[in-house]
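Here's the structure, in structure tokens; my notes come after.
Protein chains: 2
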Amino acid sequence: MTEQPARPTSRDVARTAGVSQATVSLVLGDKWRGRVSERTAGLVRDAAHALGYRPNLAARNLRLGTTRTALLVVPALTNEFFARVYTGAAEVAAEHGFGVVLYPSPAGVGPARDPFASARAALDGVIASSMATEALDAIRGADLPLVMLDSDPEAPGAAARVNLDIADGIRQVTGHLLGLGHRRLLHLASSVASWTFEVRAEALAGVVREVPDAVVRTVSARLEVGAAREAVEHALTAPGPRPTALICDGDILATGAYKALRRLGLRVPEDISVTGFDDLALATAIEPELTTVGLPAERVGEQGMTALLTVLDGRRPEPVHLPVSLVVRASTAPPPPGA
Amino acid sequence: MTEQPARPTSRDVARTAGVSQATVSLVLGDKWRGRVSERTAGLVRDAAHALGYRPNLAARNLRLGTTRTALLVVPALTNEFFARVYTGAAEVAAEHGFGVVLYPSPAGVGPARDPFASARAALDGVIASSMATEALDAIRGADLPLVMLDSDPEAPGAAARVNLDIADGIRQVTGHLLGLGHRRLLHLASSVASWTFEVRAEALAGVVREVPDAVVRTVSARLEVGAAREAVEHALTAPGPRPTALICDGDILATGAYKALRRLGLRVPEDISVTGFDDLALATAIEPELTTVGLPAERVGEQGMTALLTVLDGRRPEPVHLPVSLVVRASTAPPPPGA
DNA sequence: ACGGCGACGTTATACGTAAAACCCCGGCAT
DNA sequence: ATGCCGGGGTTTTACGTATAACGTCGCCGT
Numbered sequence: 122m123t124e125q126p127a128r129p130t131s132r133d134v135a136r137t138a139g140v141s142q143a144t145v146s147l148v149l150g151d152k153w154r155g156r157v158s159e160r161t162a163g164l165v166r167d168a169a170h171a172l173g174y175r176p177n178l179a180a181r182n183l184r185l186g187t188t189r190t191a192l193l194v195v196p197a198l199t200n201e202f203f204a205r206v207y208t209g210a211a212e213v214a215a216e217h218g219f220g221v222v223l224y225p226s227p228a229g230v231g232p233a234r235d236p237f238a239s240a241r242a243a244l245d246g247v248i249a250s251s252m253a254t255e256a257l258d259a260i261r262g263a264d265l266p267l268v269m270l271d272s273d274p275e276a277p278g279a280a281a282r283v284n285l286d287i288a289d290g291i292r293q294v295t296g297h298l299l300g301l302g303h304r305r306l307l308h309l310a311s312s313v314a315s316w317t318f319e320v321r322a323e324a325l326a327g328v329v330r331e332v333p334d335a336v337v338r339t340v341s342a343r344l345e346v347g348a349a350r351e352a353v354e355h356a357l358t359a360p361g362p363r364p365t366a367l368i369c370d371g372d373i374l375a376t377g378a379y380k381a382l383r384r385l386g387l388r389v390p391e392d393i394s395v396t397g398f399d400d401l402a403l404a405t406a407i408e409p410e411l412t413t414v415g416l417p418a419e420r421v422g423e424q425g426m427t428a429l430l431t432v433l434d435g436r437r438p439e440p441v442h443l444p445v446s447l448v449v450r451a452s453t454a455p456p457p458p459g460a
Numbered sequence: 122m123t124e125q126p127a128r129p130t131s132r133d134v135a136r137t138a139g140v141s142q143a144t145v146s147l148v149l150g151d152k153w154r155g156r157v158s159e160r161t162a163g164l165v166r167d168a169a170h171a172l173g174y175r176p177n178l179a180a181r182n183l184r185l186g187t188t189r190t191a192l193l194v195v196p197a198l199t200n201e202f203f204a205r206v207y208t209g210a211a212e213v214a215a216e217h218g219f220g221v222v223l224y225p226s227p228a229g230v231g232p233a234r235d236p237f238a239s240a241r242a243a244l245d246g247v248i249a250s251s252m253a254t255e256a257l258d259a260i261r262g263a264d265l266p267l268v269m270l271d272s273d274p275e276a277p278g279a280a281a282r283v284n285l286d287i288a289d290g291i292r293q294v295t296g297h298l299l300g301l302g303h304r305r306l307l308h309l310a311s312s313v314a315s316w317t318f319e320v321r322a323e324a325l326a327g328v329v330r331e332v333p334d335a336v337v338r339t340v341s342a343r344l345e346v347g348a349a350r351e352a353v354e355h356a357l358t359a360p361g362p363r364p365t366a367l368i369c370d371g372d373i374l375a376t377g378a379y380k381a382l383r384r385l386g387l388r389v390p391e392d393i394s395v396t397g398f399d400d401l402a403l404a405t406a407i408e409p410e411l412t413t414v415g416l417p418a419e420r421v422g423e424q425g426m427t428a429l430l431t432v433l434d435g436r437r438p439e440p441v442h443l444p445v446s447l448v449v450r451a452s453t454a455p456p457p458p459g460a
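Protein chains in written order, with this note's numbering: chain A, 122 to 460; chain B, 122 to 460.
Here it is as structure tokens:
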């Protein structure tokens, strides 16, 4: 390390202001009403400013025993959803003088190796978004308050939970399609085995069951455009009556579906309707614009941080459930007359 | 704050292992060869494990005077490019026992208000990616080592720089289009005024100047699909000969262009060629897949972190220039015969 | 005239860790 | 026998901050 001119400490400030270190601490900590004269406080602030003093956070954290820092663990950063969750969490955090540090679990869904070594900051709590249950073992072991976002309600160890009403989202898209007259549905699911898969499948089956002649088939693919394209191409060239609507568990999968359909010469939505999930920016980038389910990602982050703050305050927050909402765009229409 | 059962300290470990705190520190810090017997070391490790001991990072940081933590400042998180920069930086950091904390400058290009208050971790250095020059003032004031990525080479205060050869990227796309026979080019630039604008415009002009009958016109739009669509629609309905190729300064702008062209009934690439920049996932999501310029984002992050480590080591790293590469896909073709 | 109190500070201490400095003891060369 | 060395620890200190505990001084009420 270079010999920087050694950052000034509160003692340096004290010396140049002609007061004791304790006084500096009081003034800069805004705890001086009636204990330090206006004039002295001014001197201290001037000295601090002149020296370019910045308190040493490590020392402060050590002294206070709290770091006012939370760790947000996410499976991937390239995904817009998590970026938005972060934004929401960071905003609420800032309002309370907290900071948020990010830890993108490298394996995605694999066990987080050691978040605490990587995010070197000392932490007050952890928020985990959309993480696989097992991936959180390392975190649970650290007995830090853990808030779980968008995760299996059965997963143990959460001090608080914020969940999206995914099932209702599926019900909404399915209802929308059934309402348009579709009866043969294809469900394109993500192949990463997770609790959310069952939730979706069940919700879908539940809605379909209520309509006499409606049927649904499920295929799955890795959450990736290429894989989705292949899966859809394969499913649609199979013998038997062709589905008239395609329910995708994510906008990325829907994008892959678009590609497959174009190859097969099927027009969206004239020949076949397609729905997505998540309402990423992608949804309006592709053509036709995608009917999908919008998620209040920022809100998830906000509620998650709020819950963590509540836990840190010694109270027990209620589980939060956030609604999702269907966004109808141009990729859905009644089935073609022939079908 | 709840009364957690008080995290065990190294002294607790020492007590249950029957040794002194110093010994614990030596063993757990892996500095005990020849100073502590194998047997005692074992006892210490067992005790630490049994108690679930985790060192207090705040204390360690205070003692060592270094936090092994860097701050990465980015203008936006939803942008895939920055997510990739982060990934690269974090990877190199991890190899050296460093962590990376993210600070998405809230205003995007506005002055970062107080990154250090927000990212509460104590920091060893700062890496700023694609930030406007003025936005870094607050950071420069803190006299922490600052590495600037993808930024104005003229901007002061950088201890190290990593830049992309943007100009060459523009030269490559332009050359590609001219090679296909295009002579009337439209350049869609981002309207956020920044150093990069001039670099691009100049590079473009330079290439065009060498081809006798080639002309280029520039229009700009906010970096957003809707705005880009409007700008392109407006530019192409203007009187005069229509350009046969559209050079967009980003894939997002290109996506807007696609929408405009579809509205105008122009086919890509048969009627008009389009190129992007950045090679986001978006580029292969839209149809036809976009010819664009790929940026080694992870490499930018890696080199940035490497440079920071070099600076922290007291040495002066050379400025790094990273090449970019044209990715030819389906959105470019020779101009239509009529033109 | 004296206790007391409010205004204004100061002194002292603790947070948990890393590491420099020290200590003890058994064996070995002189 | 004595000095020395090295293995195996321990004692002590410092990092920079926040704050509890403690002074001091001037003035006021009785």
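Heads up, the beta-carbon is just placed ideally off N, CA and C, and yes, glycines get one too.
Whole-angstrom distance between residue j and residue i, CA atom to CA atom
| i | j | result |
| --- | --- | --- |
| residue 160(B) | residue 140(B) | 12 Å |
| residue 225(A) | residue 330(B) | 46 Å |
| residue 309(B) | residue 170(A) | 46 Å |
| residue 411(B) | residue 189(A) | 45 Å |
| residue 132(A) | residue 219(B) | 29 Å |
| residue 313(A) | residue 395(A) | 21 Å |
| residue 341(A) | residue 407(B) | 22 Å |
| residue 452(A) | residue 272(A) | 29 Å |
| residue 416(A) | residue 360(B) | 43 Å |
| residue 327(A) | residue 319(A) | 12 Å |
| residue 386(A) | residue 317(A) | 32 Å |
| residue 366(A) | residue 454(A) | 9 Å |
| residue 333(A) | residue 389(A) | 26 Å |
| residue 322(A) | residue 301(A) | 21 Å |
| residue 168(A) | residue 135(A) | 8 Å |
Contact check, residue i vs residue j, beta carbons under 8 Å
| i | j | result |
| --- | --- | --- |
| residue 210(A) | residue 248(A) | yes |
| residue 297(A) | residue 449(A) | yes |
| residue 392(A) | residue 372(A) | no |
| residue 421(B) | residue 267(B) | no |
| residue 414(A) | residue 377(A) | no |
| residue 223(A) | residue 250(A) | no |
| residue 315(A) | residue 253(A) | yes |
| residue 191(B) | residue 215(B) | no |
Buried or exposed by the 16-neighbour rule on C-beta atoms within 10 Å, applied to residue i
| i | result |
| --- | --- |
| residue 444(A) | exposed |
| residue 456(A) | buried |
| residue 358(B) | exposed |
| residue 370(B) | buried |
For residue i, the nearest candidate out of the options (CA to CA)
| i | options | result |
| --- | --- | --- |
| residue 243(A) | 265(A), 250(A), 255(A) | 265(A) |
| residue 148(A) | 350(A), 176(A), 183(A) | 176(A) |
| residue 384(B) | 350(B), 365(B), 168(B) | 350(B) |
| residue 418(B) | 208(B), 458(B), 178(B), 128(B) | 208(B) |
| residue 164(A) | 137(A), 274(A), 276(A) | 137(A) |
| residue 375(A) | 387(A), 252(A), 403(A) | 403(A) |
| residue 262(B) | 174(A), 345(A), 143(A), 288(A) | 174(A) |
| residue 325(A) | 250(A), 431(A), 291(A), 203(A) | 291(A) |
| residue 362(B) | 301(B), 305(B), 378(B) | 305(B) |
| residue 158(A) | 150(A), 144(A), 168(A) | 144(A) |
| residue 275(A) | 255(A), 259(A), 289(A), 409(A) | 255(A) |
| residue 246(B) | 382(B), 186(B), 289(B) | 186(B) |
| residue 200(A) | 344(A), 283(A), 152(A) | 344(A) |
Any C-beta of chain B under 8 Å from that of residue i
| i | result |
| --- | --- |
| residue 383(A) | yes |
| residue 418(A) | no |
| residue 351(A) | no |
| residue 137(A) | no |
| residue 175(A) | yes |
| residue 248(A) | no |
| residue 201(A) | yes |
Chain A contact for residue i (CB, 8 Å cutoff)
| i | result |
| --- | --- |
| residue 207(B) | yes |
| residue 231(B) | For residue 231(B), the predicted model reports a pLDDT of 37, less than 50, meaning its position is unreliable and no value from the coordinates is stated. |
| residue 396(B) | no |
| residue 414(B) | no |
| residue 407(B) | yes |
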